[in-house]
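Working notes, beginning with the structure itself.
Residue numbers (UniProt numbering): 1 to 597.
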């Protein structure tokens, strides 16, 4: 084996006011820079992971164990840290879960790769090629053979060792299939929430999530006051705005016109410039301005019959408010534009940038009491979930947990639909395209008893109003608890033993990185990671199926997690492995760091 070119020079001034880390020194610097991020995330991994207290520059404190939130909060300026941070944020945005897994697996791959380069003098190109070969073999294994993938329509067997079980499942009738759908949905939601703040309220929030019509069009509203268990689902879009006048609180309508306006309706000003009018003519000028303003209002409401609710992103003059009260028209000012876009996505309405008489959409509305405030609830095919908590920080953490599980369910539903329509896809196609086929949405409200007030956040993930609904129960899952990592670990070691190339060493190290993920998961639960991993391997050989660890309050139990209900989405697992591999390869290809002072 030829030794690599000796480029281990460090602090060599190539240019004036520069510091150069090259060769082995560069790789040592990569590991040193990544240590703070790795230490922060390793202990927060898994259902028994610890929380982190984050304090920003203004002194605000929040406590979380969400990997993406921790990565965003870390003040790390090193480029390699930014690479892993961007990968984690993208994983959170596209899938909603697996951010900690991505960072930990990336760090393990980088650490093992640096060991091969610095200690065993292996060329970085060989390590990179070995990692690519390992990932390609993982894709073939996951897509074509060796994984039990439970979908919403049936239980698809791609492993010969479980063919008997699948033949029995494929003979079930439609009622059994529907029961399996609901069971899969429940399992994937509870498994996602198990490591979050909602772990003590799994049944309550699982019921809320499964009742959501469309996980792609979601609005989350947070209100302080009450407890987490007081969160509930509302069949309507709640606006975090009060009506323009107290007299409008009694207005409501089951079916009327709703006008969406992205403008302000303030008093028209005459073009006087710097000229001064006579004092006795100021009243006439003011009356003319009011008439011009009311004329613009009449273009919207007419006689007050067609349009009974006006939503504006800007303000409205008092003279227009009084006229709306006289006509029985409800006005909500300073509505967030994301709320208007959410209504447009659900109903196909038009957001007007000027007053007009033909821009209304049909829907109902009413004024409801939410905590200490009266807010407008609109019936337009959108739902609202009210999340409550003991403080603003708790509401924020519940909000993050709900966002994660909704993205996991939403993206996996789309992946399952795509898989069912493409039975003969190539196993080498690693990229997953997630599309939203939804027409209705949901709205979530979060409440807590902190006096800092209310906050409403809209997560509008889709803009196509002509698409079909997404079904939460249409999911595709794999056994969780490290079962897939253990199976891939054994398969990659067997695959590496059959390769007569130097890359087989890197493939071995890739397998060890997968093992380290499971070991860290078990160690955070207070058990011996290597011992439990050995039990998983032994039971997998005995049963012929991937076995994982089910972490409960009583300890770590090794078994068939697919039967135990500890599952994870197929799309999430594949994207996490792909993202971690790409991040590790990107870092290992950097063999020289030039710092300009």
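Even glycine gets a Cβ: it sits at the ideal position worked out from N, Cα and C.
Q | Distance between residue 328 and residue 99 (C-alpha atoms, nearest Å) | A | Here residue 99 refers to the residue found at position 99 of the chain shown. Here residue 328 refers to the residue found at position 328 of the chain shown. Taking the straight line joining both Cα atoms gives about 51 Å.
**Q.** Cβ contact check for the segment 347-365 and the segment 374-382: 3 or more pairs under 8 Å
**A.** Output reads yes: the segment 374-382 touches the segment 347-365.
Q) If you drop the 5 nearest sequence neighbours on each side, which residues of the same chain put their C-beta closer than 6 Å to that of residue 597? A) Within the chain shown, residue 597 is the residue found at index 597, counting from 1. The beta carbon of residue 597 sits closer than 6 Å to the beta carbons of 17 from its chain, once the five residues preceding and following it are set aside; these are given in chain order.
**Q.** Cα-Cα separation between residue 204 and residue 229, rounded to whole angstroms
**A.** In the chain shown, the residue the question calls residue 204 occupies position 204. In the chain shown, the residue the question calls residue 229 occupies position 229. Near 7 Å, if we compare the C-alpha coordinates of residue 229 and residue 204.
Q.
Give me the DSSP bridge partner(s) of residue 18.
A. Position 18 of the chain shown, counted from the start, is the residue given in the question as residue 18. The secondary-structure analysis by DSSP pairs residue 18 across a beta bridge with 596.
**Q.** Member of 384, 512, 586, 565 whose CA lies at the smallest distance from the CA of residue 485
**A.** Within the chain shown, numbered from 1, the residue matching residue 485 stands at position 485. Of the candidates 384, 512, 586, 565, the residue whose Cα lies closest to the Cα of residue 485 is 512.
Q. Helix, strand or coil: which one does DSSP assign to residue 32?
A. Here the question's residue 32 lines up with position 32 in the chain shown. Residue 32: helix per DSSP, three-state reduction.
Q. Taking the continuous alpha helix (DSSP H) assigned at residue 102, which residues delimit it?
A. Along the chain shown, read from residue 1 onward, the residue named residue 102 stands at position 102. In the DSSP annotation of this structure, the continuous segment of the alpha helix (DSSP H) that includes residue 102 starts and ends at 99-118.
(Q) Just to confirm before moving on: does the CB-CB distance between residue 360 and residue 258 stay below 8 Å? (A) Numbered from 1 along the chain shown, position 360 holds the residue referred to as residue 360. Numbered from 1 along the chain shown, position 258 holds the residue referred to as residue 258. Yes, the pair counts as a contact, with Cβ atoms nearer than the cut-off.
Q. For the 8 Å Cβ check, are there 3 or more pairs between the segment 565-573 and the segment 84-98?
A. The segment 84-98 and the segment 565-573 touch, with three or more beta-carbon pairs separated by less than 8 Å.
**Q.** Same chain, Cβ closer than 7 Å to residue 289, five either side skipped, listed in chain order
**A.** Locating residue 289 in the chain shown gives position 289, counting from the first residue. These residues qualify, in order along the chain: 267, 268, 269, 270.
**Q.** Check whether residue 294 and residue 319 have beta carbons under 8 Å apart
**A.** One-based indexing of the chain shown puts residue 294 at position 294. One-based indexing of the chain shown puts residue 319 at position 319. Taking 8 Å as the cut-off, the Cβ atoms of residue 294 and residue 319 count as close.
Q: Pick helix, strand or coil for residue 135, following the three-state DSSP scheme.
A: The residue you call residue 135 lines up with position 135 of the chain shown. In this structure, DSSP gives residue 135 a helical state, which the three-state scheme calls helix.
**Q.** the segment 103-114 contacting the segment 507-524, beta-carbon criterion three pairs below 8 Å
**A.** In short, these stretches touch, since the Cβ pair count reaches three.
Q. Using the rule of at least 16 other Cβ atoms within 10 Å of the residue's Cβ for burial, across every protein chain shown, is residue 397 buried or exposed?
A. Walking along the chain shown from the start, residue 397 turns up at place 397. With a threshold of 16 other beta carbon atoms within 10 Å, residue 397 meets it and is buried.
Q) So, are the CB atoms of residue 483 and residue 548 less than 8 Å apart? A) Here residue 483 refers to the residue found at position 483 of the chain shown. Here residue 548 refers to the residue found at position 548 of the chain shown. Yes, the Cβ-Cβ distance between residue 483 and residue 548 is below 8 Å.
Q. Is the segment 28-44 in contact with the segment 70-81, if contact means three or more CB pairs nearer than 8 Å?
A. Yes, the segment 28-44 touches the segment 70-81.
Q) Would you say residue 337 and residue 243 are within 8 Å of each other, going by their C-beta atoms? A) The residue labelled residue 337 in the question sits at position 337 within the chain shown. The residue labelled residue 243 in the question sits at position 243 within the chain shown. Not in contact: residue 337 and residue 243 (Cβ atoms no closer than 8 Å).
Q.
Here's a check: name, in chain order, each residue in its chain whose Cβ is nearer than 7 Å to the Cβ of residue 55, leaving out the five neighbours to either side.
A. As a working note, residue 55 is residue 55 in the chain shown. Closer than 7 Å at the Cβ level, and outside the excluded window around residue 55, lie 61.
**Q.** Residue range of the beta strand (DSSP E) that includes residue 533
**A.** On the chain shown, residue 533 is found 533 positions in, with the first residue counted as 1. Not the beta strand (DSSP E): residue 533 falls in the alpha helix (DSSP H), residues 529-543.
Q.
Helix, strand or coil for residue 379? Go by DSSP, reduced to three states.
A. The residue you call residue 379 lines up with position 379 of the chain shown. Residue 379 falls in the strand class under three-state DSSP.
Q.
Starting from residue 518, trace the alpha helix (DSSP H) in both directions and tell me its first and last residue.
A. As a first step, residue 518 must be located in the chain shown, where it is residue number 518. Here the alpha helix (DSSP H) through residue 518 covers 503-524.
(Q) I'd like to know whether the C-beta atoms of residue 118 and residue 28 end up nearer to each other than 8 Å. (A) Here residue 118 refers to the residue found at position 118 when the chain shown is read from its first residue. Here residue 28 refers to the residue found at position 28 when the chain shown is read from its first residue. The answer is yes: Cβ separation under 8 Å.
Q: Ignore the nearest five residues each way along the sequence and tell me which others in residue 577's own chain have a CB closer than 8 Å to its CB.
A: Your numbering for residue 577 matches position 577 in the chain shown. Cβ neighbours of residue 577 beyond the five flanking positions: 105, 135, 138.
Q) When you compare each of 399, 481, 546 to residue 519 by their alpha carbons, which one comes out closest? A) Numbered from its first residue, the chain shown carries residue 519 at position 519. Answer by Cα proximity: 481.
Q: Determine the DSSP secondary structure at residue 360, reduced to helix, strand or coil.
A: What you label residue 360 is simply residue 360 of the chain shown in a count that begins at 1. Residue 360 falls in the strand class under three-state DSSP.
Q.
Determine whether the beta carbon atoms of residue 478 and residue 568 lie at a separation below 8 Å.
A. Your numbering for residue 478 matches position 478 in the chain shown. Your numbering for residue 568 matches position 568 in the chain shown. The Cβ atoms of residue 478 and residue 568 sit closer than 8 Å to each other.
Q) Exposed or buried, which one is residue 326 when buried takes at least 16 other CB atoms within 10 Å? A) Reading the chain shown from its first residue, position 326 is the one you call residue 326. Counting of Cβ neighbours within 10 angstroms places residue 326 among the exposed residues, the total staying below 16.
**Q.** Option in 240, 262, 103 with minimal Cα separation from residue 351
**A.** Here residue 351 is taken as the residue at index 351 of the chain shown, counted from 1. Nearest option by C-alpha distance: 262.
Q.
Do residue 72 and residue 87 count as a contact pair if the criterion is CB distance below 8 Å?
A. Walking along the chain shown from the start, residue 87 turns up at place 87. Walking along the chain shown from the start, residue 72 turns up at place 72. The answer is no: Cβ separation not under 8 Å.
Q | Beta-bridge partners of residue 288, as assigned by DSSP | A | Stepping through the chain shown from its first residue, residue 288 is reached at position 288. When beta bridges are read from the DSSP output, residue 288 appears opposite no residue.
Q: Mark residue 538 as exposed unless 16 or more other C-beta atoms lie within 10 angstroms of its C-beta, in which case mark it buried.
A: Here the question's residue 538 lines up with position 538 in the chain shown. Result: exposed.
Q.
Can you list, in chain order, the residues of its chain with a C-beta nearer than 7 Å to that of residue 160? Leave out the 5 residues immediately preceding and following it.
A. Taking the chain shown and counting its residues from 1, one reaches residue 160 at position 160. With a pLDDT of 31 at residue 160, under the threshold of 50, the modelled position of that residue is not reliable, and the figure given next carries that caveat. Nothing meets the Cβ criterion.
Q: Using DSSP bridges, identify the partner residues of residue 265.
A: In the chain shown, the residue the question calls residue 265 occupies position 265. Answer by DSSP bridge pairing, in chain order: 316.
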